[in-house]
Amino acid sequence: MIIQKVMVIGAGQMGSGIAQVCAQAGYEVVLNDLKDEFVDRGLHVIRKNLSRQVEKERMTVEEMNTVLDRLTASTELTDAKDVDLVIEAAIENMEIKAKLFAQLDEIAPREAILASNTSSLPITEIAAATKRPEKVIGMHFMNPVPVMKLVEIIRGLATSDEVYQAIEDMTKTLKKVPVEVNDFPGFVSNRILMPMINEAIYTLYEGVATKEAIDDVMKLGMNHPMGPLTLADFIGLDTCLYIMETLHEGFGDTKYRPCPLLRKYVKAGWLGKKTGRGFYQYS
Ligand code: CAA
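Residues in the sequence shown are numbered consecutively from 0, following numbering that gives the first Met the number 0.
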């Protein structure tokens with residue numbers, strides 16, 4: 000299985016980061032989203048990140064331009080017709096993902112691998128929307144993608160060993176570390192991370208400590224790079240709530256119930272850094 004051309008669907012925070020690391024690793028990359036303005040925004044972020052590398056003298060202007068030349072903008076799914084791998088990083092909604100994968104199954108070459116960057120939805124269910132479940136796999140990147148080393152590789156029930164191996168090898172070419180995980184709600188990363196964040200929100204909700212104190216305890220006491228409430232703002236409170244709901248529903252265990260304060264913030268539209276307000280305010 001030779002991977003040369005990759006389509007990334009979704010030019011948001013995760014999709015643009017994935018497109019950037021793929022282009023930097025030498026892949027030809029098609030960055031796709033619903034509207035030109037979304038793709039332009041993603042390309043703008045990539046340009047900004049690469050320019051920072053040039054400023055820090057880690058990359059020459061020529062190298063930056065070579066990377067940028069590997070990126071093509073797209074708003075049509077039909078552009079998947081000649082790619083070897085699709086990495087979907089669209090909205091976390093099963094209905095939307097199932098529809099996307101069914102369409103991609105019709106368009107992409109028969110040999111192409113269809114991967115999802117979903118943070119907690121079942122790969123097996125996404126795969127069931129296609130006629131090639133053995134070629135569907137999870138590639139869960141961490142935010143910020145250009146910095147974080149981990150990619151959780153999730154095997155769906157039907158994912159073939161050949162496809163798993165191709166994706167593990169491809170991940171290494173991105174200078175990332177692949178870790179194999181089976182398909183259960185939240186995989187490993189969010190099964191452990193999100194209940195910790197949810198518990199931090201409960202701690203605030205119950206008045207155990209201020210938000211700053213909670214973050215300081217985890218930063219200074221546990222050596223976490225960010226406190227859990229800052230991290231929740233960084234990930235997006237809507238995403239945190241969605242993942243908690245997926246865990247709650249998937250396991251049917253009340254230990255995963257989302258904190259009412261998290262629900263309240265999401266209802267208020269306080270979604271974290273991206274909306275300028277979450278647990279903290281951002282100017
Ligand atoms: N894009 C690209 N590069 C970025 C970046 C971004 N968004 N944010 C920071 N960086 C780079 C900086 O340029 C800097 O690079 P150099 O060291 O090469 O100069 C480096 O990262 C460190 O940045 P800063 O010095 O500005 O800040 P920092 O030391 O606090 O690090 C951080 C920032 C890497 C984000 C760090 O705070 C961190 O690791 N936080 C935790 C992140 C985390 O837990 N991510 C996982 C979230 S969960 C997830 O993604 C999965 C899910 O499904 C929800």
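C-beta atoms are modelled at their ideal positions from N, C-alpha and C, and glycine is treated no differently.
Spatial neighbours of residue i within its chain, please: C-beta separation below 8 Å, excluding the five flanking residues on both sides.
| i | result |
| --- | --- |
| histidine 223 | Met217 and Leu230 |
| proline 259 | Tyr204 |
| threonine 170 | Met138, Val150, Ile152, Val176 and Pro177 |
| alanine 114 | Leu84, Val85, Ile86, Glu87, Val135, Ile136, Gly137, Met138 and Ile166 |
| glycine 41 | Ala10, Gly11, Gly14, Ser15, Ala18, Leu30 and Asp32 |
| aspartate 35 | Ala72 and Thr74 |
If you drop the 5 nearest sequence neighbours on each side, which residues of the same chain put their C-beta closer than 7 Å to that of residue i?
| i | result |
| --- | --- |
| isoleucine 1 | Asp83 |
| proline 121 | Asp182 |
| alanine 126 | Pro132, Val135, Gly155 and Ala157 |
| methionine 58 | Leu49 and Gln52 |
| methionine 195 | Pro227 |
With which residues is residue i paired in a DSSP beta bridge?
| i | result |
| --- | --- |
| serine 73 | Asn31 |
| alanine 114 | Ile86 and Ile136 |
| glutamate 179 | Ile152 |
| glutamine 3 | Its beta-bridge partners do not exist; DSSP assigns none. |
| arginine 276 | Gly271 and Gln280 |
| isoleucine 125 | Looking at the DSSP assignment, isoleucine 125 forms no beta bridge with any residue, so it has no partner. |
| isoleucine 8 | Asn31 and Glu87 |
Classify residue i as buried or exposed, calling it buried when 16 or more other Cβ atoms lie within 10 Å of its own Cβ.
| i | result |
| --- | --- |
| glutamine 3 | exposed |
| asparagine 64 | exposed |
| aspartate 32 | buried |
| valine 342 | One cannot answer for residue 342 here, as it falls past the ends of the chain, which runs 0 to 282. |
| threonine 253 | exposed |
| valine 38 | buried |
| serine 50 | exposed |
| methionine 243 | buried |
| lysine 96 | buried |
| serine 282 | exposed |
| valine 207 | exposed |
| methionine 147 | exposed |
Assuming contact is defined by CB atoms lying nearer than 9 Å, are residue i and residue j in contact in what I supplied?
| i | j | result |
| --- | --- | --- |
| glutamate 94 | serine 119 | no |
| aspartate 232 | tyrosine 201 | no |
| asparagine 116 | glutamate 75 | no |
| alanine 89 | aspartate 104 | no |
| leucine 99 | isoleucine 8 | yes |
| alanine 79 | methionine 141 | no |
| leucine 246 | arginine 154 | no |
| threonine 123 | leucine 156 | yes |
| glycine 226 | alanine 199 | yes |
| isoleucine 106 | threonine 77 | yes |
Between residue i and the rest of its own chain, which residues show a CB-CB distance below 6 Å, the 5 nearest in sequence each way excluded?
| i | result |
| --- | --- |
| leucine 173 | Val20 and Ala24 |
| lysine 271 | Per the sequence shown, residue 271 should be read as glycine rather than lysine. Asp232, Gly235, Leu236 and Gly277. |
| threonine 158 | Ile136 |
| leucine 240 | Pro257, Leu261 and Val265 |
- Message: Contact between the segment 14 to 30 and the segment 59 to 71 is defined here as three or more beta-carbon pairs at a separation below 8 Å; is this criterion met?
- Response: yes
- the segment 158 to 173 contacting the segment 130 to 141, beta-carbon criterion three pairs below 8 Å: yes
- Task: State whether the segment 32 to 47 contacts the segment 5 to 18, with contact taken as three or more CB pairs (one from each stretch) at a distance under 8 Å.
- Result: yes
- Does the count of Cβ pairs from the segment 177 to 185 and the segment 54 to 62 closer than 8 Å reach three? no
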